[in-house]
Amino acid sequence: MTGLWMTKDVENRLRAYAEMVLRYGKSLTSHDSFEEVWALSILDSVIGWQHVKESCQAYRCDTVTDIGSGAGFPAIVIAILEPQITVRAIEKKKKAVIFMEMVKDRFQLKNFFPQWTDITKERITEGIVTSRAVAPLDEFLSLINSSVFTPLYLWKGPNWMSEFKKYRSVWY
Numbered sequence: 022m023t024g025l026w027m028t029k030d031v032e033n034r035l036r037a038y039a040e041m042v043l044r045y046g047k048s049l050t051s052h053d054s055f056e057e058v059w060a061l062s063i064l065d066s067v068i069g070w071q072h073v074k075e076s077c078q079a080y081r082c083d084t085v086t087d088i089g090s091g092a093g094f095p096a097i098v099i100a101i102l103e104p105q106i107t108v109r110a111i112e113k114k115k116k117a118v119i120f121m122e123m124v125k126d127r128f129q130l131k132n133f134f135p136q137w138t139d140i141t142k143e144r145i146t147e148g149i150v151t152s153r154a155v156a157p158l159d160e161f162l163s164l165i166n167s168s169v170f171t172p173l174y175l176w177k178g179p180n181w182m183s184e185f186k187k188y189r190s191v192w193y
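Structure below.
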């Protein structure tokens with residue numbers, strides 16, 4: 022896996038993080054094995070970030086805010102991949118924030134800042150915003166409607182197209 026996307030050191034850190042998810046964050050994810058965490062959450066976050074990174078560079082952003090981070094996907098992965106970028110993780114579940122703080126301490130992620138808050142109480146005006154599988158599109162967009170004023174990138178599941186088609190007329 023090293024090479025194009027990550028160094029061996031980064032890969033090792035991501036693998037250790039996957040182990041932490043299984044050991045301490047099991048209630049924050051539905052994954053039952055290392056392979057599931059690695060393929061469905063770690064690599065999904067890495068690949069998604071490769072696409073979002075280009076926009077981040079185009080906007081010259083130095084901040085990424087992830088909404089509904091749960092066990093830290095994609096926020097922690099981005100923080101490990103991009104130590105020069107400040108990564109905020111907004112999460113309303115205290116248990117998830119405690120887990121992310123533990124990961125932050127374990128890997129000494131000085132660029133990572135988990136926050137226990139509700140997105141409706143935030144106003145994001147700089148950098149870019151990411152979110153991965155937080156809620157159905159209509160619910161999510163109504164949640165962030167008065168909070169997010171920067172480019173937004175969503176990691177959606179296999180039914181993303183049907184969600185998009187359903188709400189496309191709202192955006193255009």
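Using this note's numbering, the letters of the sequence shown map in sequence onto residues 22 to 193.
Note that beta-carbon positions come from the ideal geometry of N, C-alpha and C, so glycine has one too.
For P135, the pairing in a beta bridge is given by DSSP as A110.
Our two residues, C77 and F185, have alpha carbons roughly 23 Å apart in a direct line.
Taking all protein chains in view, the Cβ of K125 is crowded by 16 or more other Cβ atoms within 10 Å, so the residue is classified as buried.
Judged by DSSP secondary structure, W176 falls within the beta strand (DSSP E) whose first and last residues are L173 to W176. E147 is positioned such that its CB atom lies no closer than 8 Å to that of T50.
Going by DSSP, V124 is part of no beta strand (DSSP E) but of the alpha helix (DSSP H) stretching over K115 to F128. If the five residues before and after A39 are omitted, its C-beta is found closer than 7 Å to the C-beta atoms of F55, V58, W59 and I63, all from its own chain and listed in chain order.
Straight-line spacing of the CA atoms in D65 and H72 works out to 11 Å.
Within the same chain, Cβ atoms closer than 7 Å to the Cβ of D139 are found at K113, the five residues on either side in sequence being excluded. With 16 or more neighbouring CB atoms inside 10 Å of its own CB, R153 falls in the buried class.
Close CB contacts of V98 within its chain, under the 7 Å cut and outside five residues either way in sequence, are with L35, I63, S66, V67 and W70 (chain order).
Here D53 carries a coil assignment [DSSP, helix/strand/coil]. A residue is called buried once 16 or more other Cβ atoms fall within 10 Å of its Cβ, and D53, having fewer, is exposed. Ranking V118, V31 and A110 by CA distance to the CA of I145 puts A110 first. In the three-state reduction of the DSSP assignment, D83 falls in the coil class. Residues of the same chain with a CB within less than 6 Å of the CB of W176, apart from the 5 flanking positions on each side, are G69 and R153 in chain order. Assignment of beta-bridge partners to S152 by DSSP yields I88 and L175.
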